[in-house]
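Residue numbers for the sequence shown follow this note's numbering, beginning at 38 and rising by one.
Structure first, then comments.
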Amino acid sequence: MNEIIIKQSKVKSIGLIILGIVMLLACVFVLAFGTIHKNIVYIIIGIIGMGFFVPCEIYSVKRALNPKPLLVITEDGITDMSSACSVGFIAWNEIESVSVIRVFSQRLIAITVYDIDKLLHRISSAKQKVIKANLKFNYPPIAISLNTADVNFNEVLSIIQSKLNEHNLRVNN
């Protein structure tokens, strides 16, 4: 079986960790500033920021120390492991469409499935909440981030689209 493994770049992973440290330090600074000046708004912003960036930083460090593929593309489908909210294996026959979305300056590979309930049934409740939030904001249910990938975004997108087209041709013939 021919499989394509998209790995994580060590350099990009270290860059992400450094960015996380900078953001955490900024949150600590905002919290300290709010505490010194007795400003509840800054205190709340600092606490919320730390509540967000600490788990992100822990995840980034764990991911860098124990690298796993971000994405595995096979003849049967794709296995998404690109983030903490990844859904795992998605068969080609489940995929309705593949496109690109932008969230701020980040490009993501967006995947829409035919049967969202089937997908939701096989993932954890936390991941279900993320997918439902995506749908609520008119985003596709699956968004694959390749920020730390060791290959070009457009190459991966092209491979996925090509494999999906091959699958659809096999099924329709």
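The C-beta atom is built at its ideal place from N, Cα and C for all residues, glycine as well.
- Between the beta-carbon of Val-135 and that of Leu-156 there is about 15 Å, and that puts the pair past the 8 Å contact cut.
- A direct Cα-to-Cα measurement between Phe-190 and Thr-72 gives close to 43 Å.
- Using a Cβ distance threshold of 7 Å, Ile-43 and Val-137 do not count as a contacting pair.
- In the three-state DSSP reduction, Phe-89 falls in the helix class (H, G or I).
- Comparing alpha-carbon positions, the option among Met-60, Glu-94, Lys-166 lying closest to Ile-82 turns out to be Met-60.
- The beta carbons of Ile-197 and Ile-110 sit about 6 Å from each other, so the pair counts as a contact at 8 Å.
- In terms of Cα proximity to Gly-52, the closest of Glu-94, Leu-68, Tyr-79, Glu-40 is Glu-94.
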